[in-house]
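**Student:** Structure provided below as structure tokens; questions to follow.
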Amino acid sequence: MSTNSQDQEIDLGQLSKKIGGFFNNLSNSFFEFIFFIKRKLFILILLFAVGVALAYLADGKKKYKHEISVIPNFKSNDFLYERIEEINFKIREQDSTFFKNLGINNFEDVLSIKIEALPTIYNFINYSDQENNFELIKLMAEDGDINKILIDDITSKNYYHHKISIKTKGTWNRKSLIDPILRYLNDNEYFKDQQKINLKNVEDKIIANDSLIKQIDHIISLLSTDSNGVSSISISKNNSIRDLIDKKDFLISESQNLKSVKLIYSNIVKEESSIMNVRVYVPLILNSKIVFPIILIILYLLCYIFNKKIKKYKLEIKDKE
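So this is what it looks like as structure tokens:
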């Protein structure tokens, strides 16, 4: 029993020494680091300044974001997405001829362009040109998560509203960036023909509605007065006149909506709104003015430690000789 107790005391003593040695080494390392910082403070400050300068040179101009909200008409959704992807490809390729034809100068300052659907599901399922969307969504939702389906590329591409985002170096004005892009998105002969047909249909419908409204007014006038021009029938008691009035209200409402549609149909890809020159900020930890100096300092510290190890290794070899 006494032997076991002595062994335990020895083990505890050794453990205590090891723990004490660990903290002692940790303390020594800490103070060595402090003294190192004090000795090399000028070099570290210089490296930090050089890193910031390099970051400014690398970043160049400040980055800005521009957004355009659009409506693709005449089922031109796929065409719109393909055109945006094409522009983005030309940006990566730095195709000067392409951007010159577009009318965009300083194209090297255009960093990227992308498009995404705005999640307006109610417009999607109520869109008159795609009456089966609601049933389609219900059917797809039976086999999966409705939220995933709504943000799926195939589904969202067919939404009514879309947002084009452009990232650039420096500030731009509308004529030099947004207008050339919108002109390119609206330059397609097939959809121009579709636009003419749809506009003609809308105009014809408005004219037909106006003619029907005048006829209804005339009929109501005839039904509501006798030969002497005196009112002889109470509208509230005459179902025929009530139906005619309801039909007239419907035609007026439809014509008003058609006039809004006519405005939207004025372009293949209709711009709703746009904002320009919104400064892009990155998180501090990703800011190049922080990252570059830290990288330089870490590299210096690694070189210093490596050099110190080499010197120590050389001394050990010398002592053995």
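Under the working numbering, the sequence shown has 185 at position 185, and the numbering climbs by one with no breaks.
C-beta atoms are modelled at their ideal positions from N, C-alpha and C, and glycine is treated no differently.
Give the DSSP-derived three-state secondary structure of residue 237 in the structure shown.
**Tutor:** Position 237 of the sequence shown, counted from the start, is the residue given in the question as residue 237. Any reading at residue 237 needs caution, since the residue's pLDDT is 48, under 50, leaving its predicted position unreliable; the model's value is listed next. Correct three-state label for residue 237: helix.
**Student:** Identify every residue that forms a DSSP beta bridge with residue 218.
**Tutor:** If you number the sequence shown from 1, residue 218 lands on position 218. Residue 218 pairs with nothing; no bridge assigned.
**Student:** Give the single residue among 240, 72, 274 whose Cα lies nearest to the Cα of residue 219.
**Tutor:** Position 219 of the sequence shown, counted from the first residue, corresponds to residue 219. Of the candidates 240, 72, 274, the one whose C-alpha sits nearest the C-alpha of residue 219 is 240.
**Student:** Could you give the first and the last residue of the continuous alpha helix (DSSP H) run that contains residue 92?
**Tutor:** In the sequence shown, the residue the question calls residue 92 occupies position 92. Note, residue 92: alpha helix (DSSP H), 77–93.
**Student:** Tell whether a beta-carbon distance below 8 Å holds between residue 190 and residue 73.
**Tutor:** If you number the sequence shown from 1, residue 190 lands on position 190. If you number the sequence shown from 1, residue 73 lands on position 73. No, Cβ-Cβ distance for residue 190 and residue 73 is not below 8 Å.
**Student:** Can you name the start and end residues of the beta strand (DSSP E) that residue 270 belongs to?
**Tutor:** The sequence position of residue 270 within the sequence shown is 270, counting from 1. From DSSP, the beta strand (DSSP E) with residue 270 extends over 269–279.
**Student:** Do the CB positions of residue 115 and residue 271 come within less than 8 Å of each other?
**Tutor:** To locate residue 115, count along the sequence shown from 1; it is residue 115. To locate residue 271, count along the sequence shown from 1; it is residue 271. Taking 8 Å as the Cβ cut-off, residue 115 and residue 271 do not qualify as a contacting pair.
**Student:** Can you give me the C-alpha to C-alpha distance between residue 118 and residue 43, rounded to a whole angstrom?
**Tutor:** If you number the sequence shown from 1, residue 118 lands on position 118. If you number the sequence shown from 1, residue 43 lands on position 43. So the two alpha carbons sit approximately 52 Å from each other.
**Student:** Under the DSSP definition of a beta bridge, which residues are partnered with residue 66?
**Tutor:** Your numbering for residue 66 matches position 66 in the sequence shown. According to DSSP, residue 66 bridges with 166.
**Student:** Are three or more beta carbon pairs between the stretch 85–98 and the stretch 201–212 nearer than 8 Å?
**Tutor:** Too few Cβ pairs lie closer than 8 Å, so no.
**Student:** Under 8 Å by Cβ, that's how I've got residue 63 and residue 169 pegged, so tell me the actual separation to the nearest angstrom.
**Tutor:** Counting from one through the sequence shown, the residue named residue 63 turns up at place 63. Counting from one through the sequence shown, the residue named residue 169 turns up at place 169. Confirmed, Cβ separation roughly 6 Å.
**Student:** For residue 113, name the three-state secondary structure that DSSP assigns.
**Tutor:** Translated into the one-based positions of the sequence shown, residue 113 becomes position 113. It is a strand residue.
**Student:** What residues in its chain sit with their C-beta under 6 Å from that of residue 86, if we drop five residues either side in the sequence?
**Tutor:** One-based indexing of the sequence shown puts residue 86 at position 86. Counting only Cβ-Cβ distances below 6 Å, and skipping sequence neighbours, we find nothing.
**Student:** Counting along the chain, where does the alpha helix (DSSP H) carrying residue 180 start and finish?
**Tutor:** Position 180 of the sequence shown holds residue 180. Where residue 180 is concerned, the enclosing alpha helix (DSSP H) stretches over 178–185.
**Student:** Have a look at the DSSP bridge pairing and note the partners of residue 72.
**Tutor:** Within the sequence shown, numbered from 1, the residue matching residue 72 stands at position 72. Note: residue 72 sits in a beta bridge opposite 269.
**Student:** Evaluate residue 70 with the Cβ neighbour count: other Cβ atoms within 10 Å of its Cβ, from every protein chain shown; 16 or more gives buried, anything less gives exposed.
**Tutor:** As a first step, residue 70 must be located in the sequence shown, where it is residue number 70. That one is buried.
**Student:** Is it buried or exposed for residue 99, if we count other Cβ within 10 angstroms and need 16 for buried?
**Tutor:** Locating residue 99 in the sequence shown gives position 99, counting from the first residue. Per the 10 Å Cβ criterion, buried.
**Student:** From residue 292 to residue 55, what does the alpha carbon distance come to, in whole angstroms?
**Tutor:** For this step, residue 292 is matched to residue 292 along the sequence shown. For this step, residue 55 is matched to residue 55 along the sequence shown. Near 6 Å, if we compare the C-alpha coordinates of residue 55 and residue 292.
**Student:** What distance in whole Å lies between the Cβ atoms of residue 180 and residue 113, which are believed to be in contact at a cut-off of 8 Å?
**Tutor:** Residue 113 sits at position 113 when you count from the first residue of the sequence shown. Residue 180 sits at position 180 when you count from the first residue of the sequence shown. The Cβ separation is near 12 Å, so there is no contact.
**Student:** Drop a sphere of 10 angstroms on the beta-carbon of residue 263, count the other beta-carbons inside from all chains shown, and report buried for 16 or more, exposed for fewer.
**Tutor:** Looking up residue 263 in the sequence shown gives position 263. With fewer than 16 Cβ atoms within 10 Å of its Cβ, residue 263 is classed as exposed.
**Student:** CB-CB under 8 Å to residue 317, same chain, minus the five flanking residues each way: which ones, in chain order?
**Tutor:** Working through the sequence shown from its first residue, we reach residue 317 at position 317. If we look at residue 317 and ignore the five residues flanking it on each side, it has no Cβ neighbours.
**Student:** Have a look at residue 256 and residue 109 and give me their C-alpha separation to the nearest angstrom.
**Tutor:** As a first step, residue 256 must be located in the sequence shown, where it is residue number 256. As a first step, residue 109 must be located in the sequence shown, where it is residue number 109. Rounded to the nearest angstrom, the two C-alpha atoms are 44 Å apart.
**Student:** Between which two residues does the alpha helix (DSSP H) holding residue 98 run?
**Tutor:** The sequence position of residue 98 within the sequence shown is 98, counting from 1. From DSSP, the alpha helix (DSSP H) with residue 98 extends over 96–102.
**Student:** Do residue 80 and residue 269 have their C-beta atoms closer together than 8 Å?
**Tutor:** Position 80 of the sequence shown, counted from the first residue, corresponds to residue 80. Position 269 of the sequence shown, counted from the first residue, corresponds to residue 269. A contact, by the Cβ cut-off of 8 Å.
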